[in-house]
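S.K.:
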Amino acid sequence: MISFTVRMRFAKEDRAEIRSILQNLGAASRQEPGCANYVAHTLENDPDTVLIYEQYRDAEALEAHRSSPHFEQWATNGLYRKLRERTLETLQEIV
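Take a look at the structure:
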């Protein structure tokens, strides 16, 4: 299992558009056969910072996600064009 978080910061004026993009990207991503989990959050005291928790069955499933038409539409041509900061953290399972 591959697990990671993506933390992204956006401008306040993009808040509604980012929420819509994340709803579409999340719904499509969760339909992928290799996607075990895809949940987007905003920080409680910072609605312009998004934290996405993602899990994929294996490296092939992650590559399929990153190569999908919905990833290109909603992430590459949507989120990535609006973001101000981005941090990706790969997680190691303990149990």
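Residue 2 is where the sequence shown starts when you use the numbering used here, and the numbers rise one by one after that.
Ideal Cβ positions, reconstructed from N, Cα and C, are used throughout, including at glycine.
(1) Could you have a look at residue 34 and say whether DSSP puts it in helix, strand or coil?
(2) I need the boundaries of the alpha helix (DSSP H) containing residue 80, first residue and last residue.
(3) Check this for me: beta carbons of residue 44 and residue 76, under 8 Å apart or not?
(4) Have a look at residue 71 and residue 95 and give me their C-alpha separation to the nearest angstrom.
(5) When the Cα atoms are used, what is the spatial distance from residue 36 to residue 90?
(6) For the putative contact between residue 10 and residue 84, defined by C-beta atoms under 8 Å, what is the C-beta separation to the nearest angstrom?
M.R.: Once the coordinates are examined:
(1) Start at 1 with the first residue of the sequence shown, and residue 34 comes out as number 33. Residue 34: coil per DSSP, three-state reduction.
(2) Here residue 80 is taken as the residue at index 79 of the sequence shown, counted from 1. Taken as a continuous stretch (DSSP letters only), residue 80 belongs to no alpha helix (DSSP H), as it is neither H nor E.
(3) Within the sequence shown, numbered from 1, the residue matching residue 44 stands at position 43. Within the sequence shown, numbered from 1, the residue matching residue 76 stands at position 75. Taking 8 Å as the Cβ cut-off, residue 44 and residue 76 do not qualify as a contacting pair.
(4) Numbered from 1 along the sequence shown, position 70 holds the residue referred to as residue 71. Numbered from 1 along the sequence shown, position 94 holds the residue referred to as residue 95. If you take the alpha carbons of residue 71 and residue 95, they lie about 31 Å apart.
(5) Taking the first residue of the sequence shown as 1, we reach residue 36 at position 35. Taking the first residue of the sequence shown as 1, we reach residue 90 at position 89. If you draw a straight line from the Cα of residue 36 to the Cα of residue 90, it is about 17 Å long.
(6) By 1-based counting over the sequence shown, the position of residue 10 is 9. By 1-based counting over the sequence shown, the position of residue 84 is 83. Confirmed, about 7 Å.
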